[in-house]
Amino acid sequence: MHFGNSEGKGQDQTWLGYLAGGVEIVMVVLATLMVILVTYQVFQRYVLHYTPPWSEEMSVYLMIWFG
1 MHFGNSEGKG QDQTWLGYLA GGVEIVMVVL ATLMVILVTY QVFQRYVLHY
51 TPPWSEEMSV YLMIWFG
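Residues 1 to 67 in our numbering are what the sequence shown lists, from first letter to last.
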C-alpha cells in the first residue's frame with residue numbers, strides 16, 4: 001500500500017505510511033506474544049497440570065489490544 005504521491009514508486013513515504021508501518025509491526029509483535037502465551041498456557045495446563053494465574057489475564061489483555 002502506497003500512501004505517498006501518486007507520481008511514482010520511488011517517492012518518499014509520508015508520515016501516514018510510516019505510521020501504518022509502525023502499527024503493523026506492533027500488531028505482529030502482539031499476535032506473536034499472544035500465540036506464545038496461549039501455547040505456554042495449554043502446555044502448563046495439560047502436561048504439568050498447573051496453570052499460571054497471570055497467563056489467562058495476559059492473553060485477554062493482548063486480545064483486547066490486538067483488536
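For every residue, glycine included, the Cβ atom is placed at its ideal position computed from N, Cα and C.
Counting only the same chain and skipping the five closest in sequence on each side, list residues whose C-beta sits under 8 Å from that of residue i.
{"i": "L19", "result": "none"}
{"i": "A31", "result": "F66"}
Helix, strand or coil: which one does DSSP assign to residue i?
{"i": "P52", "result": "coil"}
{"i": "V26", "result": "helix"}
{"i": "G21", "result": "helix"}
{"i": "T14", "result": "coil"}
Keeping to the same chain, check which residues put their C-beta closer than 7 Å to that of residue i; ignore five residues upstream and five downstream.
{"i": "T51", "result": "Q41, Q44 and R45"}
Just to confirm my understanding: we take residue i, look at its own chain, exclude 5 residues before and 5 after, and list those with CB closer than 6 Å. What are they?
{"i": "E54", "result": "The displayed chain sequence assigns Trp, not Glu, to residue 54. Contacts found: none."}
Measuring CA to CA, which of the options is closest to residue i?
{"i": "L62", "options": "H49, V29 and V47", "result": "V29"}
contact_flag[the stretch 49-59, the stretch 23-41] where n(CB pairs < 8 Å) is 3 or more: yes
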